[in-house]
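Each remark here refers to the structure printed beneath this line.
There are 4 protein chains.
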Amino acid sequence: MSYQFKIVRRVDFAETDMAGLVHFSNFFRYMESVETAFFRSIGFSLVTRGVDAAVGWPRVHAECDYKKPLRFEDEVEIHLLVSRKKSKALSYAFVFRKLNASPPAIVARGALTAVCVTHRNGKMKAVRIPKMISDKIQVAPAAVLKRLQREK
Amino acid sequence: MSYQFKIVRRVDFAETDMAGLVHFSNFFRYMESVETAFFRSIGFSLVTRGVDAAVGWPRVHAECDYKKPLRFEDEVEIHLLVSRKKSKALSYAFVFRKLNASPPAIVARGALTAVCVTHRNGKMKAVRIPKMISDKIQVAPAAVLKRLQREK
Amino acid sequence: MSYQFKIVRRVDFAETDMAGLVHFSNFFRYMESVETAFFRSIGFSLVTRGVDAAVGWPRVHAECDYKKPLRFEDEVEIHLLVSRKKSKALSYAFVFRKLNASPPAIVARGALTAVCVTHRNGKMKAVRIPKMISDKIQVAPAAVLKRLQREK
Amino acid sequence: MSYQFKIVRRVDFAETDMAGLVHFSNFFRYMESVETAFFRSIGFSLVTRGVDAAVGWPRVHAECDYKKPLRFEDEVEIHLLVSRKKSKALSYAFVFRKLNASPPAIVARGALTAVCVTHRNGKMKAVRIPKMISDKIQVAPAAVLKRLQREK
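Chains as they are written, first to last, in the working numbering: chain L, 1 to 152; chain S, 153 to 304; chain D, 305 to 456; chain F, 457 to 608.
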């Protein structure tokens, strides 16, 4: 059972905008990047063939609070925690820490909720999370989630 | 005084992902796109030279709720409403309507909060919204915002 | 029979990079954008259901020469010309003109070659361009292509 | 003196398109990503403060030939070689190898030419490559470049 994962990325030039910052939309791509790595860490893919059919994880909610600027070549750690687990959906909390700062500083916090779906005849349908996946994922302990919220 | 703006875009191929949907991060780019057009409609640019210095609008909060899929070549209307106006920040509410559906359907709702800043010596500093800009922007009437929230 | 198409776009903030220019990779997205519009203008989609199966157009070659900077809010006309037509492939030439300059200036030239494919069992296979599509597309006259190359 | 560099990336979900492939424009972002890492490997940044002023590297030419599909979660090695060095410009050749194939397969080849510029009063001007940078970069031996072209 797993409830968290971390990756480190270095900001690409193409991810910046003319203000010299990482474009705010890219934080959502970073979130998905660690989500993908989290799934891989428990032996699955975000596009998983389950028992019957492939399941996917379209998002129903996404949000991000930006605290400090993140710039070209900054090293950013993206920390995912499972914040909620329902029969057909998973929610994650994210913390973005700039590592090339002393001490490392939180630059943003985010959240995603993804629903488990199958595709049939071009239509998506929400389904229960396959047991083989669900069995490997647990919600982060409340104390861990709380500590994360207080971290600066 | 202005409190809303609408643009229509057609979904580009590059904006889709392997699930056949508009990648969820692109809804944030769409929001910015109408915000830019809104500013242009009142005679300014998102990167505006004010009286003293250029002001920019980095985001401090962004969120989106996804209701229905949006796909390649769909026509989407993005509707911006000013939801809050503070001395140094503006908040917007967004509604995404798929026009090539009968009747047009809301596919997503979003929100952004942007802070007015100047750049000095490579540092950003929050500043009061220049009067010449502030004078042209007002918060949408409560009734209009409420109607938008109830719309399906 | 059609051999050209033009669209006009205004540069989005998210398309710029920290150098203040449109990121060079976005010119390829602009090319695809007018290619999509060109297909739509002759009654098809880049993802077209043909007689037997859906055909797609993966790229086998892409290139771009950058002449002048393109920046936020610039108005850019992207002009597509069909430069070559083979049984399974189409080649296009592109000219990018910045309209908010006097006179309008060529900022870039590009080229794409796309192969017509079907997807079967997760594999792509090059196929002849469906007649219903091929019949509507012709190569631009040599004189037109030459004039474009000399234009400044 | 250095003439090559390699990085390995795993394909992100957001980099795919509805055809299930890495969108062709993203290969150009991958090229820039290894170029950035190459510069870092010799002690500089793509946005380098030189003796007098910051130099940047806008592209004047970019191209890519696509051989095989690259998909979500594929591991791709991007191999940069310096193919040409002029007083104000550098050219690179790129090979993209899919590592999770046996044997690893070339999926694409690319090329970039970047010009060294300074920014003054909002204008870019081509300048000689600063000696401190130029001294650390050499063109790849002809035999190495040739071997790369023959590789399958």
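Each residue gets a CB set at the ideal place from its N, CA and C atoms; glycine is no exception. This structure is a prediction, so every number in the text was calculated from the model and none was measured.
query	result
Contact under 7 Å by Cβ, residue 478 of chain F with residue 526 of chain F	yes
Residue closest to residue 276 of chain S, alpha-carbon to alpha-carbon, out of L:5, L:67 and L:28	L:67
Residue 145 of chain L versus residue 382 of chain D: straight-line alpha-carbon distance, rounded	49 Å
Inter-residue spacing [alpha-carbon to alpha-carbon] between residue 244 of chain S and residue 59 of chain L	21 Å
Min CB distance residue 318 of chain D to chain S below 7 Å	yes
Interface flag, residue 400 of chain D vs chain F, CB-CB below 7 Å	no
Residue 38 of chain L versus L:120, L:1, L:118 and L:117, residue with shortest Cα-Cα distance	L:1
CA nearest to the CA of residue 511 of chain F, picked from F:571, F:556 and F:468	F:571
Per-residue DSSP class, three states only, for residue 341 of chain D	helix
Selection from L:141, L:97 and L:130 that minimises the alpha carbon distance to residue 88 of chain L	L:130
Interface partners of residue 29 of chain L on chain S, CB under 7 Å	177
For residue 68 of chain L, the three-state DSSP class (helix, strand or coil)	coil
Sequence-distant residues of its chain with Cβ nearer than 6 Å to residue 7 of chain L (five each side left out)	34, 37 and 78
Sequence-distant residues of its chain with Cβ nearer than 8 Å to residue 43 of chain L (five each side left out)	136
Identity of the residue in F:566, F:594, F:577 and F:573 nearest residue 584 of chain F by Cα	F:573
C-beta neighbour in chain D for residue 110 of chain L, strict 7 Å	no
Closest Cα partner of residue 285 of chain S within the set S:253, S:192, S:179 and S:216	S:192
Chain L contact for residue 502 of chain F (CB, 7 Å cutoff)	yes
Within chain D, partners of residue 519 of chain F - CB distance below 7 Å	366 and 367
Close Cβ partners of residue 157 of chain S (< 7 Å) along its chain, the five nearest in sequence each way excluded	186, 189, 190, 193 and 232
Sequence-distant residues of its chain with Cβ nearer than 7 Å to residue 11 of chain L (five each side left out)	22, 70, 71, 72, 73, 74 and 76
Extent of the continuous alpha helix (DSSP H) to which residue 588 of chain F belongs	587 to 590
Closer than 7 Å to chain F by CB, residue 323 of chain D	yes
Residues in the stretch 373 to 398 of chain D having any Cβ partner in chain S nearer than 8 Å	376 and 377
Assigned exposure category for residue 355 of chain D - 16 Cβ within 10 Å defines buried	Confidence at residue 355 of chain D is low in this model, with a pLDDT of 49, below 50, so its placement is unreliable and no value can be given for it.
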